[in-house]
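Numbering (the numbering used here), first residue to last: 120 to 257.
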């Protein structure tokens, strides 16, 4: 009798953990429009922070919404995701903005060389700065 109750208890614990993990992993991303902007920078300012090893300043904005203003170098569409590469004065460094779903119609009006202002979630940098869930700021 004791073993039977233990097995049922363990089963419900495992079931509860499975449901929790499934909902945690599959929770939808927050809409960037609903997140308050922490800082507004140009592409040149972001790249300067990366190049000058003053990354501590940018690290404080990881996983927070920032606004970036820069010139469109390239528009891409890969794996059903639209992205914009923003250029800087340093030709080797870019700001990569992976667009949020729902910005597709606005992408059709953007052209290379155009100045844009984008808000996204800053994820960090390697050679380039990376922003996810980006939206256009009007």
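The C-beta atom is built at its ideal place from N, Cα and C for all residues, glycine as well.
Among the options, nearest to residue i - alpha-carbon criterion
{"i": "residue 252", "options": "135, 154, 134", "result": "154"}
{"i": "residue 236", "options": "122, 244, 160", "result": "160"}
{"i": "residue 234", "options": "245, 206, 247, 254", "result": "206"}
{"i": "residue 167", "options": "257, 246, 222, 256", "result": "246"}
{"i": "residue 199", "options": "183, 219, 189, 192", "result": "219"}
{"i": "residue 225", "options": "203, 130, 124", "result": "203"}
{"i": "residue 149", "options": "214, 131, 125, 183", "result": "183"}
{"i": "residue 186", "options": "192, 177, 193", "result": "177"}
{"i": "residue 257", "options": "243, 229, 244, 248", "result": "229"}
{"i": "residue 193", "options": "175, 232, 227", "result": "232"}
9 Å Cβ cutoff, residue i in contact with chain B
{"i": "residue 157", "result": "The structure shown contains no chain B; it is built from a single protein chain."}
Contacting residues, own chain, Cβ-Cβ under 7 Å from residue i (five flanking each side not counted)
{"i": "residue 180", "result": "157, 158, 241"}
Beta-carbon contacts of residue i that lie in its chain and below 8 Å, excluding the five residues immediately before and after
{"i": "residue 170", "result": "209, 212"}
{"i": "residue 222", "result": "201, 253, 254, 255"}
{"i": "residue 125", "result": "none"}
{"i": "residue 151", "result": "184, 219, 238, 239, 240, 252, 253, 254"}
Close beta carbons around residue i, own chain, < 6 Å, minus the five adjacent residues each side
{"i": "residue 250", "result": "216, 239, 241"}
Delimiting residues of the beta strand (DSSP E) encompassing residue i
{"i": "residue 180", "result": "That residue, residue 180, is in no beta strand (DSSP E); it is neither H nor E in DSSP."}
{"i": "residue 237", "result": "234-244"}
{"i": "residue 206", "result": "200-206"}
{"i": "residue 254", "result": "248-255"}
{"i": "residue 217", "result": "213-218"}
Range covered by the alpha helix (DSSP H) that runs through residue i
{"i": "residue 159", "result": "First-last for residue 159: 156-161, but that is the beta strand (DSSP E), not the alpha helix (DSSP H)."}
{"i": "residue 225", "result": "223-226"}
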